[in-house]
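In terms of our numbering, the sequence shown opens at residue 1 and continues consecutively.
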Amino acid sequence: MNSEQSDVFSRRFSFIFSVLTIVAITITLRSTNNMIVTTIPTFSKLFFHFSNVSVGEITALTYATTFISTSLVNPRLRSVARRRAFVLSVIGMDAALIFLSLSGGYTIWAIAAFSGVAFGIVFPNLITSASIQGDHRAQMRLLAIYSVSLSLSLVIGPSIETYLLPVIGYRLLFIAFLPLSLLATAVAPFVRFPSGGGELGGRGTLKNKSLHSALISISIYNIPFAAITAFLVIYAQQNYGISSGLAYSAFIVFFSSSFLTRLTIAIRPLGNLFPPLVISAVLTALSLILVPFMPSFVLFLVIMVLLGIPHGSIFPVTTMIIARGTDVSERNAANSYFMAYNNILFMIVPVIFGYISSTIGFHIDFIILGVISACFTAVLVVRYWKTGLVHTS
Numbered sequence: 001m002n003s004e005q006s007d008v009f010s011r012r013f014s015f016i017f018s019v020l021t022i023v024a025i026t027i028t029l030r031s032t033n034n035m036i037v038t039t040i041p042t043f044s045k046l047f048f049h050f051s052n053v054s055v056g057e058i059t060a061l062t063y064a065t066t067f068i069s070t071s072l073v074n075p076r077l078r079s080v081a082r083r084r085a086f087v088l089s090v091i092g093m094d095a096a097l098i099f100l101s102l103s104g105g106y107t108i109w110a111i112a113a114f115s116g117v118a119f120g121i122v123f124p125n126l127i128t129s130a131s132i133q134g135d136h137r138a139q140m141r142l143l144a145i146y147s148v149s150l151s152l153s154l155v156i157g158p159s160i161e162t163y164l165l166p167v168i169g170y171r172l173l174f175i176a177f178l179p180l181s182l183l184a185t186a187v188a189p190f191v192r193f194p195s196g197g198g199e200l201g202g203r204g205t206l207k208n209k210s211l212h213s214a215l216i217s218i219s220i221y222n223i224p225f226a227a228i229t230a231f232l233v234i235y236a237q238q239n240y241g242i243s244s245g246l247a248y249s250a251f252i253v254f255f256s257s258s259f260l261t262r263l264t265i266a267i268r269p270l271g272n273l274f275p276p277l278v279i280s281a282v283l284t285a286l287s288l289i290l291v292p293f294m295p296s297f298v299l300f301l302v303i304m305v306l307l308g309i310p311h312g313s314i315f316p317v318t319t320m321i322i323a324r325g326t327d328v329s330e331r332n333a334a335n336s337y338f339m340a341y342n343n344i345l346f347m348i349v350p351v352i353f354g355y356i357s358s359t360i361g362f363h364i365d366f367i368i369l370g371v372i373s374a375c376f377t378a379v380l381v382v383r384y385w386k387t388g389l390v391h392t393s
């Protein structure tokens, strides 16, 4: 084998190793993370009799501490220190599951806050790891594979919960997810971080226009998704008079639709990002407005399938916008601020949604969310239609 063949083999092996690592740790961590953030609200309401406002507040607390670690800690850590923080945060998720199974009405607030800190370190670094591998094409492929892994985890996690919850109850459910979390702990040391130094951690990255377009794009979907995460099960139970296990199955069809969308993007990578972005935005707004008019749970599931399509497309598109429009040296800071913004949404929206639902009801809430998505879509079109920031191949 000559040196050229050796280099090709080395690059292929490196890429395959990166794929296996990203897929394994993303599926395990995101399954666990999603179970925690979607179960704490319902667990708090059923066991500790939290009001809708308190449900929104504890969800907001989780994302508030995530925001702190994502925006104030992670961007300032250089690669070596960030790797250590990453591994410790993954171990922290193991501990959180154990603590949740033993929690009470007061301690659950502290555990939610602790979990948020760990989440804030873990997920920006997974995106960065996927976006620094190999050449430009390999990076786009890995980001798509990372997004597919996210969606697959969001099918696996709810499926496990739907099956186990009626059998073992909420407290043992947290322990049932511990093996997945422990597998992530075993894989964590193999996640790749940037080498060679020279990373930018300052606020100068906030001026990047590609980051701006990514933030506007993700707002179209993550504002309603923040509300859906906290209140979907509660809404389905109250509106259709079904059990919590059956209500939770809405997440299965939702994330299955998202997974298929992201798989399509991974198989056929996007060139021009603008058309699929606008189509997804319009589908989001229309589906949300239709939610209150669904007379049965079956038709409600149809809407969840439709909402799963933009959930599957908008996130990978926004990460690609950042990867295409930033240098490797500012990639960690850009991804950290991107995730921090999402945490702000998940911190604020559940509280507002919970308050509105307590005063005027869930139905009007969904219509308002649809209108907000439509407004952000209009801003995206007006500001970036001619700039090329979301068109770049």
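Glycine included, each C-beta is placed from N, C-alpha and C at the ideal position.
query, result
"Quick check: the Cα distance between Ile207 and Pro224, rounded to an integer number of angstroms?", "Looking at the sequence itself, residue 207 is Lys, so the reference to Ile does not match. In a straight line, the C-alpha of Lys207 is about 26 Å away from that of Pro224."
"With distances taken between CB atoms, is the gap from Val117 to Ser69 smaller than 8 Å?", "yes"
"Ignoring anything shorter than 4 residues or poking outside the segment 39-108, list the alpha helix (DSSP H) runs there in chain order.", "52-68 and 79-101"
"In chain order, what residues of the same chain lie with their CB nearer than 7 Å to the CB of Val55, ignoring the 5 residues before and after it?", "Pro41, Ser44, Lys45, Ala230 and Gly354"
"So, Ser101 versus Ile16, is the Cβ gap smaller than 8 Å?", "no"
"CB Phe177 to CB Ala250, shorter than 8 Å?", "no"
"Once DSSP output is grouped into helix, strand and coil, what is the label at Ile127?", "helix"
"If you reduce the DSSP assignment to three classes, tell me which class Val191 lands in.", "coil"
"At the level of alpha carbons, what is the spacing between Leu288 and Val305?", "12 Å"
"Can you tell me whether DSSP reads Asn208 as helix, strand or coil?", "coil"
"Thinking C-beta only, is Ile314 closer than 8 Å to Phe145?", "The displayed chain sequence assigns Ile, not Phe, to residue 145. In this structure, Ile314 does not lie closer than 8 Å to Ile145 by Cβ."
"Output the distance between the C-alpha atoms of Leu24 and Val87, rounded to the nearest integer angstrom.", "Looking at the sequence provided, one finds Ala at residue 24 rather than Leu. Cα-Cα distance, rounded: 15 Å."
"With burial defined as no fewer than 16 other Cβ atoms inside 10 Å of the residue's Cβ, what is the status of His49: buried or exposed?", "exposed"
"Which same chain residues end up closer than 7 Å to Ser103 when comparing Cβ atoms and leaving out the 5 residues on each side of it in sequence?", "Ile111"
"Output yes or no for whether 8 Å exceeds the beta carbon distance between Ile322 and Ala334.", "yes"
"Given this structure, state the Cα-to-Cα distance separating Pro166 from Gly245, to the nearest angstrom.", "7 Å"
"Helix, strand or coil: how does DSSP classify His391 here?", "In this prediction, His391 scores a pLDDT of 48, lower than 50, which makes its location untrustworthy; no coordinate-derived value is stated."
"Which ranges would you report for the alpha helix (DSSP H) in the segment 313-377 if only whole runs of at least 4 residues count?", "328-359"
"Within the same chain, show all residues whose beta-carbon is closer than 7 Å to that of His391, passing over the 5 residues directly before and after it, in chain order.", "Note that His391 scores a pLDDT of 48, beneath 50, so its modelled location is shaky and nothing firm can be said."
"If you count every other CB in all the chains shown that lies within 10 Å of the CB of Thr359, and 16 or more means buried, which is it?", "exposed"
"Would Pro310 pass as a contact of Arg262 if the rule is Cβ separation under 8 Å?", "no"
"Run through DSSP, which three-state label would Ile132 get?", "coil"
"Would you give the residue range spanned by the alpha helix (DSSP H) that Ile242 belongs to?", "Run containing Ile242: none; DSSP gives neither H nor E here."
"Look up Ser256 in the DSSP assignment and say whether it is helix, strand or coil.", "helix"
"Looking at the secondary structure, which residues open and close the alpha helix (DSSP H) in which Ser280 lies?", "Phe274 to Leu290"
"Let me check understanding here. Comparing Cα to Cα, which of Ala184, Ile303 and Ala285 lies closest to Val253?", "Ile303"
"Determine, using beta carbons only, whether Asn342 and Ile168 come nearer to each other than 8 Å.", "no"
"Which same chain residues, not among the five before or five after Phe376, have their C-beta less than 7 Å away from its C-beta?", "Ile216, Ser219 and Ile220"
"Should Leu72 be labelled buried (16 or more other beta-carbon atoms within 10 Å of its own) or exposed?", "exposed"
"With DSSP as the reference, label Arg268 as helix, strand or coil.", "coil"
"Of the choices Phe338, Thr319, Tyr337 and Ala85, whose alpha-carbon is the least far from that of Ile121?", "Ala85"
"Taking contact to mean 3 or more Cβ pairs, one atom from each stretch, closer than 8 Å, check whether the segment 181-196 and the segment 344-354 are in contact.", "no"
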